[in-house]
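Have a look at the structure below, then the notes.
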Amino acid sequence: MYKSTKFYSGEKILILAREWNSWYPSAFNVSAGCYFFNINEEIYIIDPGFNTLDIIVQNNLDLRLIRYIFVTHFHPDHFENLTKLLTRLTSRTYKLTVYMNTTTLNQFEVYLKDNTEFIELKPGNHLKIGSNNENRNFEINLEITKSFHKEIGGYMNSIGLKFHLIPVESKNQSYKIGFMSDTDGLSAYMNHYEKFYDECDILIPHIGAIHKNPNGYKHLYLSGIEELLGRIKNENKFIFLGEFGLELANNNTFYNGLYRVISRKIPYTKLITNIYGIFFSQDSTISLKEKNSIVKLLVKECEACLKKVNYKSI
């Protein structure tokens, strides 16, 4: 069993605000969020998904201090608030620098303007992230690695990030923080993960779901997380699991989400009838008995879905 440890609770240097797995947040109005550093009196955002701006304000941080944004892949829960960030003036003095994987850059390059800079990130890149603050406490370097996760359009340009935080007053010391983002849990990829992330002091992997299995281009899932943790040699490392599937949500989260998609005024039986009607209302070749069987099947599938999303134990 990997040990649990209380994390440092002082100044908000690193804020972890990611909750649910991709695609869910837009339909269920739950927070997908982001990660961000509040460091060198500047804000560094990693994957500005749903509710990112709200989360920054909730943490009593100044939006005008946003200097750097990093996007690991082209899925809405990792870029949804990027448009808002690009189309607002965060600072009149300092430009906004956005580091993006290839797919995201190709989609967002139309937003490039005078007070923004876009930089493409590819596996193997090593970059120095320049701070605008002369009184900075840390120098920040960044390494990029490949992630195995299919993007919108079928692209496979997803990336993982490893930040090196080097104290200005003690350059022989370095803190490494790894953001695995979304990547698959096949055993064939584990050597790649171990080589790149093992030395991290803080590692943030995404689980995706507990009831699915890796297929080469999705998420780590439960089996991938278990194998990854079994390979980690540094027992003093902090591990923060992120991006859970809604099967771990409580009932209220799920039901409130459903009501955002389905009107509270539509009874359950009427919903099923409407689904049936969409596909079969004009089909005279199907007998009444067959139609009833179809409705029963749809009811059974909906009930199975309800059970799955309310699955609590691992």
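When you line the sequence shown up against the UniProt record's numbering, it's residues 1 to 314, in that order. No residue lacks a Cβ here, since even glycine has one placed at the ideal position from N, Cα and C. Here the structure is a predicted model, which means the values were calculated and not measured.
For residue i, count the other beta carbons within 10 Å of its own beta carbon; 16 or more makes it buried, fewer makes it exposed. Which is it?
i, result
"Gly230", "exposed"
"Asn51", "buried"
"Lys84", "exposed"
"Val98", "buried"
"Tyr2", "Only weak support exists for where Tyr2 lies, its pLDDT of 38 falling under 50; the value from the coordinates is given anyway. Classification for Tyr2: exposed."
"Asp62", "exposed"
"Val168", "exposed"
"Lys122", "exposed"
"His73", "buried"
"Thr5", "The predicted position of Thr5 is uncertain, since its pLDDT is 41 and thus under 50; no value can be drawn from it."
"Val71", "buried"
"His126", "exposed"
"Ser313", "Residue confidence for Ser313 is low, a pLDDT of 39 falling below 50, so the modelled location carries little weight; the figure read from the coordinates is stated next. With fewer than 16 Cβ atoms within 10 Å of its Cβ, Ser313 is classed as exposed."
Could you compute how far the alpha carbon of residue i sits from the alpha carbon of residue j?
i, j, result
"Phe238", "Thr116", "34 Å"
"Asn157", "Lys289", "50 Å"
"Arg92", "Arg64", "9 Å"
"Lys113", "His211", "44 Å"
"Asp54", "Asn60", "10 Å"
"Lys128", "Leu142", "6 Å"
"Glu235", "Lys176", "15 Å"
"Gly178", "Lys146", "13 Å"
"Leu82", "Ile69", "8 Å"
"Gly14", "Ile43", "Checking the displayed sequence, the identity of residue 14 turns out to be Leu instead of Gly. Going by the C-alpha atoms only, they are around 10 Å apart."
"Cys200", "Leu161", "11 Å"
Tell me which same chain residues have a C-beta within less than 7 Å of the C-beta of residue i, skipping the five on either side of it?
i, result
"Glu120", "Met100, Thr102 and Leu105"
"Cys94", "Inspection of the sequence shows that residue 94 is occupied by Tyr rather than by Cys. The residues are Arg67 and Asn132."
"Glu109", "Phe118"
"Leu228", "Met190, Tyr193, Pro205 and Leu220"
"Lys233", "Asp198"
Closer than 8 Å by C-beta to residue i: which residues in its own chain qualify, once you throw out the five before and the five after it? Chain order, please.
i, result
"Ala87", "Note that residue 87 is Thr in the sequence shown here, rather than Ala. Once the five neighbours on either side are set aside, the close Cβ partners of Thr87 are Tyr111."
"Lys195", "none"
"Leu16", "Tyr35, Ile204, Phe240 and Gly242"
"Ile225", "Gly185, Pro205, Ile207 and Leu241"
Thinking residue i and residue j are a contact (beta carbons under 8 Å), I'd like their distance in whole angstroms, please.
i, j, result
"Ile144", "His75", "Going by Cβ atoms, the distance from Ile144 to His75 rounds to 18 Å, so no, they are not a contact pair."
"Ile140", "His164", "7 Å"
"Ser181", "Asp47", "7 Å"
"Arg136", "Asn38", "Contact doesn't hold; Cβ gap of about 13 Å is too wide."
Using a Cβ-Cβ cutoff of less than 6 Å, which residues in the same chain neighbour residue i once the five nearest sequence positions on both sides are dropped?
i, result
"Leu222", "Ile210"
"Tyr197", "Gly178 and Leu203"
"Glu80", "Gly49 and Phe50"
Contact between the stretch 207–218 and the stretch 184–193 (3+ Cβ pairs under 8 Å) | yes
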